[in-house]
Every structure is written in structure tokens, then in C-alpha cells.
Amino acid sequence: MYWKLMGPGTATWHWSAAGKDLEIQTTYLGDALKSLLRSTRDLQIGSRSSFVVLEDEPSGTRVFFSDAREDVYVQVVCFSNVQSTVNRWAGGKPIWAGRVSTAGFIDEVRSMAEQLLVEFGEARYLKEWGHPFPMRELEALR
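Per my numbering, residue 19 is the first one in the sequence shown, and the count goes up by one each step.
Okay, structure coming up:
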């Protein structure tokens, strides 16, 4: 799993889940990394469900976590317009679904965020992403 900043305000989350390579693009409209770290923390402290929004003008992807215990059921769903106040939940297209180890997922996300912080540092991350690095959320996962 890794997070690649692609230029001003654009990033791609790469994740290999149960043999499927996922590449999800997102933009600065939302703070996707922060959302991912928060949902991961929810799983870490025992929440059974959570979700992440990765916005990509106007489309976006939502990653749903449910029935979390030793493993968690994950659904990755692409939506054509997450910005719309009327249709933001309409027309979801499933990209991937399956169960993964909850502890393994938490470790991968934490490691990915730590690697990103080492690679970019807080100042460069802010400059390239447009949002501060979610340090508090990373600290909570540690």
C-alpha cells in the first residue's frame, strides 16, 4: 500500500487487496488521507463499521468497512458525482469487495502514512496537497 502525490492537489492511493491492485485517484477537495486514517483508527479502537471518501471532482470513491472483527469486509465503490447534494449516493459502481485482516490493514495504513511523512515532511506535504499532514490521526494509530 502506498500514497502517491501526483502534483498540486492530486494523489493516488495504491492498495493490493486479495490479489487485486487498486488505484484510486483523489484531489484536495476533501482530505482523503485524513479520512482514511480516521476510519482506520475507528477500526483499531473496535468500531465495526466506517467509511472513507476520496473525492475526485466531481466523481469520487467511497471505501466502506463493515462487520469488523479479526477481519473486515471492505467495499470499494466509485460514484459519478460525490459533490451533488441531490445525487451523491446515486449510481455507485462496485470496484472491489472482500475481507481483509483488520490488524493487517491497520498496519499497512499506518506504515503508508509514516513512509509518506518521511518522504515529504509536513511542509512539503502541505505545499503539494493543500491540507496539513494529518499528524494527529497518524499519532492516534501509533
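Even glycine gets a Cβ: it sits at the ideal position worked out from N, Cα and C.
Cα-Cα separation, residue i to residue j
| i | j | result |
| --- | --- | --- |
| E137 | D39 | 23 Å |
| F82 | I124 | 14 Å |
| K52 | G109 | 25 Å |
| D74 | W31 | 12 Å |
| Y20 | Y143 | 15 Å |
| Q133 | F69 | 23 Å |
| L54 | T120 | 14 Å |
| V71 | L135 | 21 Å |
| P152 | W33 | 19 Å |
| V92 | K145 | 32 Å |
| S129 | I113 | 24 Å |
| S67 | G139 | 31 Å |
| V127 | L159 | 9 Å |
| D85 | K111 | 21 Å |
| D89 | A131 | 21 Å |
| F97 | W147 | 22 Å |
| E41 | L23 | 13 Å |
| T58 | G64 | 10 Å |
Residue-chain proximity (residue i, chain D), Cβ-Cβ < 7 Å
| i | result |
| --- | --- |
| R142 | No chain D is part of this structure, which consists of one protein chain only. |
Counted within 10 angstroms of its Cβ, other Cβ atoms place residue i as buried (16 or more) or exposed
| i | result |
| --- | --- |
| W107 | exposed |
| R87 | exposed |
| A141 | exposed |
| G78 | buried |
Those residues which DSSP pairs with residue i across a bridge
| i | result |
| --- | --- |
| G116 | V92 |
| Y46 | None; Y46 has no bridge partner. |
| H32 | Y20, E41 |
| D74 | S77 |
| K111 | C96 |
| F69 | F82 |
Beta-carbon spacing of residue i, residue j below 7 Å
| i | j | result |
| --- | --- | --- |
| H149 | D60 | no |
| R80 | V95 | yes |
| R56 | E157 | no |
| P76 | Q43 | no |
| Y46 | G27 | yes |
| A29 | G116 | no |
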